[in-house]
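So for the sequence shown, the working numbering puts the first residue at 17; every next one is plus one.
Heads up, the beta-carbon is just placed ideally off N, CA and C, and yes, glycines get one too.
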Amino acid sequence: MFYNESGRLRSIHDWQGGGLLKVLCYLILFFLSFLVFESISVIVAVGVALFALYYFTVIKPSGKRL
Numbered sequence: 017m018f019y020n021e022s023g024r025l026r027s028i029h030d031w032q033g034g035g036l037l038k039v040l041c042y043l044i045l046f047f048l049s050f051l052v053f054e055s056i057s058v059i060v061a062v063g064v065a066l067f068a069l070y071y072f073t074v075i076k077p078s079g080k081r082l
């Protein structure tokens, strides 16, 4: 269930609709940081970090990374 055909642990890209699921996971993490920290500077830092994580892990349709 958690492993793909090659025996490796599934990543978020292996699931159908992985891009949407990834964005939803990042939004949930962002809102959790808001509930936990309630500090504007920390929330902005978490938002920037999550955006950077998403930006550098997105796979272009051609299969090349950004």
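Query: For Val39 and Tyr70, the rounded distance between their alpha carbons; Result: 8 Å
Query: Val62, buried or exposed, once every other Cβ within 10 Å from all chains shown has been counted against 16; Result: buried
Query: Helix, strand or coil at Val64 according to DSSP, with G and I counted as helix; Result: helix
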